Amino acid sequence: NAGVMQNPRHLVRRRGQEARLRCSPMKGHSHVYWYRQLPEEGLKFMVYLQKENIIDESGMPKERFSAEFPKEGPSILRIQQVVRGDSAAYFCASSRGGTGDEQYFGPGTRLTVT
Amino acid sequence: DQQVKQNSPSLSVQEGRISILNCDYTNSMFDYFLWYKKYPAEGPTFLISISSIKDKNEDGRFTVFLNKSAKHLSLHIVPSQPGDSAVYFCAVPRGTPLVFGKGTRLSVIA
Chain A
174 NAGVMQNPRH LVRRRGQEAR LRCSPMKGHS HVYWYRQLPE EGLKFMVYLQ
224 KENIIDESGM PKERFSAEFP KEGPSILRIQ QVVRGDSAAY FCASSRGGTG
274 DEQYFGPGTR LTVT
Chain B
634 DQQVKQNSPS LSVQEGRISI LNCDYTNSMF DYFLWYKKYP AEGPTFLISI
684 SSIKDKNEDG RFTVFLNKSA KHLSLHIVPS QPGDSAVYFC AVPRGTPLVF
734 GKGTRLSVIA
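Residue numbers (the numbering used here), protein chains in the order written: chain A, 174 to 287; chain B, 634 to 743.
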């Protein structure tokens, strides 16, 4: 009964490179959420996806960031041309249903941009 | 514009005593509140919640109190144990996404 899986756990990228973060939701969960935690801050919502659909991307920066949750496979958060300010912990959560359903969080991916 | 505020970044408590973690919110329309606990290098885990129709919810050593007129909630842990040392976040659902406070780091000293 695996929980939410994220990989890699740690990712180091140089400025200008691309970062790909993966999230496999809990079994039976079709809703995925991405949050970002900057140092000394709380988690901030980025994007909410269901299979093959972006439901809410109001927290996603307009440029360089994209997310997908294909019919098969994990959800991917992609950051193009990373900058130092992208260094953060990125958490994925999943839920069985949408509004009102409990969100279960993965262990996070810590991205460091050098 | 912080909708959920945790004004104490850290708290130290002796083992066996009560820990009280506080959270203030700005929107009186919020009707459901959650507390999450987070250990280093792990994701947050749900701890306890409260609906605005209640003013108290208890689960073992954990009790959450809600004061709607003051827009304030608090989490009480009694007795505190060393394993409770973690960062505690209060959160509210804004539609489906959760809005988190900045967290309070609790250290329980043996």
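From the three backbone atoms N, C-alpha and C, an ideal C-beta is built for every residue, glycine too. The structure presented is a predicted model; accordingly, all values stated were derived computationally and were not measured.
- Under the DSSP assignment, B:Val741 falls in the beta strand (DSSP E) whose first and last residues are 737-742.
- In this chain, the beta strand (DSSP E) harbouring A:Asn180 covers 178-180.
- Annotated three-state conformation of B:Pro715 is helix, per DSSP.
- Within the same chain, Val637, Lys704 come within 6 Å of B:Tyr658 by CB-CB distance, once the 5 residues on both sides are set aside.
- Taking C-beta atoms under 8 Å as the contact rule, A:Asp229 and B:Pro730 qualify, at a distance of about 7 Å.
- When 9 Å is used as the limit between beta carbons, B:Thr678 is near these residues of chain A: Tyr277, Phe278, in chain order.
- Three or more beta-carbon pairs separated by less than 8 Å are not found between the stretch 690-699 of chain B and the stretch 672-679 of chain B, which leaves the two stretches without contact.
- Counting of Cβ neighbours within 10 angstroms places A:Ala175 among the exposed residues, the total staying below 16.
- Within chain A, the residues Gly215, Leu216 have their CB atoms less than 8 Å from the CB of B:Phe722, given in chain order.
- For B:Pro715, none of the residues of chain A pass the 8 Å Cβ criterion, the least Cβ distance being about 22 Å.
- Neighbours of A:Thr272 in chain B, taken as residues whose beta carbon is under 8 Å from its own, are Pro726, Gly728, Thr729 in chain order.
- Three or more Cβ pairs closer than 8 Å define a contact, and the stretch 242-257 of chain A meets that threshold against the stretch 193-211 of chain A.
- The beta-carbon of B:Phe733 is placed less than 8 Å from the nearest beta-carbon of chain A.
- B:Tyr665 sits exposed, since fewer than 16 C-beta atoms from the chains shown fall within 10 Å of its C-beta.
- Listed along chain B are Pro730, each with a C-beta nearer than 9 Å to that of A:Gly232.
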